[in-house]
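The end of the sequence shown is residue 206 by this note's numbering, with every number in the run present.
Using N, Cα and C, we set each Cβ at its ideal position, and we do this for glycine too.
The structure displayed is predicted, hence computed values, not measured ones.
Below is one structure, written out as structure tokens; comments come after it.
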Amino acid sequence: MHEGPLNLRCRCGLLQGHVDARQAFARATCYCSDCQAFARFLGRHSDTLDAQGGTQIIAALPRAVEFTAGSDRLSCKSLSDKGMFRWYASCCHTAIGNTPRDRSLPYVGLIHTCLPGEAASLDESLGPVKVALNTGSALAPVGAAPIATLFGIARIMSQVVKARLTGKHKDNPFFVPASNAPAREPRVLSPAERKRLDAAPGDQKL
Ligand SMILES: [Zn+2]
Ligand SMILES: [Zn+2]
Numbered sequence: 001m002h003e004g005p006l007n008l009r010c011r012c013g014l015l016q017g018h019v020d021a022r023q024a025f026a027r028a029t030c031y032c033s034d035c036q037a038f039a040r041f042l043g044r045h046s047d048t049l050d051a052q053g054g055t056q057i058i059a060a061l062p063r064a065v066e067f068t069a070g071s072d073r074l075s076c077k078s079l080s081d082k083g084m085f086r087w088y089a090s091c092c093h094t095a096i097g098n099t100p101r102d103r104s105l106p107y108v109g110l111i112h113t114c115l116p117g118e119a120a121s122l123d124e125s126l127g128p129v130k131v132a133l134n135t136g137s138a139l140a141p142v143g144a145a146p147i148a149t150l151f152g153i154a155r156i157m158s159q160v161v162k163a164r165l166t167g168k169h170k171d172n173p174f175f176v177p178a179s180n181a182p183a184r185e186p187r188v189l190s191p192a193e194r195k196r197l198d199a200a201p202g203d204q205k206l
């Protein structure tokens with residue numbers, strides 16, 4: 001188990017913080033078209049997505065995350081009026097993570113781009129990435145490990161439920177304290193804006 005916090009940092013370094021590795025509980029790669037669209041929206045698909053269009057995610061409790069500098073750069077988008085809150089650093093468009101709209105679900109899917117240089121620590125505390133989500137919308141075939149994925153999802157769900165039962169969902173830096181309002185007003189993309197972010201022919205060669 002990796003000891004000590006993981007360093008969270010946007011590409012330009014204005015937004016900084018740390019993540020308690022003990023409250024991160026799984027790694028996964030998500031191939032869904034919304035995660036791909038978010039990377040394209042940020043103009044960062046080449047460093048956020050892998051060759052098959054996957055986004056590497058570190059599932060954690062929101063309370064694991066603490067911002068220590070530049071938190072005014074934290075910004076929020078949503079790809080639709082029901083979509084997840086998608087957080088990023090406005091200074092350099094680094095993807096930070098995704099949270100549900102309902103604060104009572106204590107989950108953040110941190111995006112690997114905000115933990116540069118922590119791959120070895122993540123290997124140590126969580127093992128390699130084996131869980132593949134939404135492979136149907138991958139840009140190229142993904143060698144999925146269905147059993148690992150099933151166990152991975154079960155592990156994420158059980159940690160979320162456990163945190164909820166023990167009141168640990170109350171600390172959440174992505175929401176206004178003691179409210180269900182996000183810490184930043186999200187900008188919701190229009191259906192036309194969302195559609196423009198779909199994979200274009202040629203994106204396979206990211
Ligand atoms: Zn930045
Ligand atoms: Zn996704």
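6 Å CB neighbourhood of residue i in its chain, flanking five on each side removed
i: residue 17; result: 8, 66, 67, 68
i: residue 190; result: none
i: residue 41; result: 197
i: residue 76; result: 85, 87, 182, 184, 186
i: residue 113; result: 48, 94, 95
Distance CB(residue i)-CB(residue j) smaller than 7 Å
i: residue 57; j: residue 39; result: no
i: residue 207; j: residue 109; result: Only positions 1 to 206 of the chain appear in this structure, which leaves residue 207 out of reach.
i: residue 175; j: residue 183; result: yes
i: residue 117; j: residue 131; result: no
i: residue 15; j: residue 89; result: yes
i: residue 150; j: residue 30; result: no
i: residue 23; j: residue 59; result: no
i: residue 129; j: residue 135; result: no
i: residue 161; j: residue 107; result: no
i: residue 172; j: residue 62; result: yes
i: residue 125; j: residue 169; result: no
Cut-off 7 Å between Cβ atoms - residues of its own chain near residue i, not counting five sequence neighbours on either side
i: residue 194; result: 37, 79, 80
i: residue 6; result: 18, 19, 21, 115, 118, 121
i: residue 155; result: 25, 26
i: residue 35; result: 55
i: residue 123; result: none
i: residue 4; result: none
Alpha-carbon spacing of residue i relative to residue j, whole angstroms
i: residue 206; j: residue 197; result: Its pLDDT being 42, under 50, residue 206 is placed unreliably in this model, and the value from its coordinates should be taken loosely. Each residue's alpha carbon lies about 15 Å from the other.
i: residue 13; j: residue 111; result: 16 Å
i: residue 100; j: residue 138; result: 22 Å
i: residue 188; j: residue 102; result: 16 Å
i: residue 204; j: residue 52; result: Low per-residue confidence applies at residue 204: pLDDT is 48, beneath 50, and the placement is therefore not dependable enough to give any value.
i: residue 165; j: residue 94; result: 33 Å
i: residue 44; j: residue 50; result: 11 Å
i: residue 48; j: residue 148; result: 23 Å
i: residue 224; j: residue 200; result: No answer is possible for residue 224: the residues shown for the chain start at 1 and end at 206.
Chain-order list of residues whose beta-carbon lies under 8 Å from that of residue i (same chain, five-residue window excluded)
i: residue 73; result: 10, 14, 15, 89, 90, 91
i: residue 127; result: 27
C-beta neighbour in chain B for residue i, strict 7 Å
i: residue 155; result: Absent from the structure: chain B. Only one protein chain is present.
Sequence ranges, beta strand (DSSP E) only - wholly within the stretch 78 to 117, length at least 3: Those beta strand (DSSP E) runs which fall completely within the stretch 78 to 117 and span 3+ residues are 85 to 89, 94 to 99, 108 to 111.
Ordered list of alpha helix (DSSP H) runs contained in the stretch 137 to 198, each at least 4 residues: 146 to 165, 191 to 196
Entirely within the stretch 27 to 57 and at least 4 residues each: give me those alpha helix (DSSP H) ranges in chain order. The stretch 27 to 57 contains, as complete alpha helix (DSSP H) runs of 4+ residues, the segments 33 to 41, 45 to 48 (chain order).
Shell residues, 5 Å Cβ cut-off relative to heavy atoms of ligand 2: In chain order, the hits are 30, 32, 35.
For ligand 1, list every residue whose C-beta falls under 5 Å from any of its heavy atoms, going in chain order. 10, 12, 14, 89, 91, 92
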